[in-house]
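Notes follow the structure.
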Amino acid sequence: MSHRLPTDTDDGLLLIISGPSGAGKTTITRGVERKVGDSVFSVSYTTRAKTSAETEGVDYHFTSDEQFNAMKGRGEFLETAGVYGKQYGTPKAPVAEQLRRGRLMILEIDVQGAIAVKAQVPDAFAIFVLPPSEDVLLQRLRDRKREDDAQIEKRFKAAKLEIESAKNSGVYDVFIVNDKIDLAIQRAVDLVLAERARRRS
Ligand code: 5GP
0 MSHRLPTDTD
10 DGLLLIISGP
20 SGAGKTTITR
30 GVERKVGDSV
40 FSVSYTTRAK
50 TSAETEGVDY
60 HFTSDEQFNA
70 MKGRGEFLET
80 AGVYGKQYGT
90 PKAPVAEQLR
100 RGRLMILEID
110 VQGAIAVKAQ
120 VPDAFAIFVL
130 PPSEDVLLQR
140 LRDRKREDDA
150 QIEKRFKAAK
160 LEIESAKNSG
170 VYDVFIVNDK
180 IDLAIQRAVD
190 LVLAERARRR
200 S
């Protein structure tokens, strides 16, 4: 049990940000992290391969199936999910620690994960990022040049399903349409600050 620090507050908030690939959720997540002073990004574990744009320990902890399964067996994850045949999981300890410190803890996770987290932490605040339209989403997936055509088609289909399941899940407090990225980031920041103010009052 660690001791309370002078910077600790009682203002802890668990923020979930979800959205389909290409909706801009990573940019929004990083924008909120930058603009909200006491926020911490939850670094997930994943068994998928690292891309050249990513940094170990910053974007993800990249790990083997064996190591992931061992952690899962030890109950070290708050939630886990299978996405595109790979495993992803949110480590439990940092979430508990940062919330105890009164921080804004940001989880960038998919709908399955959001449902699992909300079941355990009902007062988590959940935002879903929507693309302005399906056409724009498809174009953004192509523009990232991260995957080949078959992968893009797969992600596009999955994105449409993910949007449907997000709408049906009942776990999202708000849906943000990412038309202009700066406005979408500001909207997310305003929502978080308003939610904290509401809880304080
Ligand atoms: P990507 O491979 O594009 O980084 O992520 C694929 C999907 O997995 C995204 O929707 C991302 O938000 C989600 N994701 C990343 N980390 C986690 C996690 O720890 N748990 C869950 N449930 N989903 C995650």
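Here the sequence shown is numbered in numbering that gives the first Met the number 0, starting from 0 and rising by one per residue. Backbone N, C-alpha and C define an ideal beta-carbon position, used for all residues, glycine too.
Handout entry: residue 109 CB to nearest heavy atom of the ligand 5GP below 6 Å
Key = yes
Problem - Outcome for residue 132 when other beta-carbon atoms lying within 10 angstroms are tallied against a minimum of 16 - result: exposed
Handout entry: Span separating the alpha-carbon of residue 107 from that of residue 13
Key = 11 Å
Exercise for the section: Report the three-state DSSP secondary structure of residue 121 (helix, strand or coil). Expected result: coil
Practice task
Could you give the DSSP three-state label for residue 90: helix, strand or coil?
Solution key: strand
Problem - Local conformation of residue 161 per DSSP, three classes - result: helix
Problem - Between the CA atoms of residue 171 and residue 118 - distance to the nearest angstrom - result: 12 Å
Practice task
Please report the residue range of the beta strand (DSSP E) in which residue 81 lies.
Solution key: 76-82
Problem - Same chain, Cβ closer than 8 Å to residue 191, five either side skipped, listed in chain order - result: 12, 14, 31, 35, 103, 124
Exercise for the section: Just the C-alpha distance for residue 147 and residue 161, rounded to the nearest angstrom, thanks. Expected result: 20 Å
Handout entry: C-beta atoms of residue 61 and residue 49 nearer than 7 Å
Key = yes
Problem - residue 87 CB to nearest heavy atom of the ligand 5GP below 6 Å - result: yes
Practice task
With DSSP as the reference, label residue 31 as helix, strand or coil.
Solution key: helix
Practice task
Have a look at the DSSP bridge pairing and note the partners of residue 45.
Solution key: 61, 87
Practice task
Determine the DSSP secondary structure at residue 108, reduced to helix, strand or coil.
Solution key: coil
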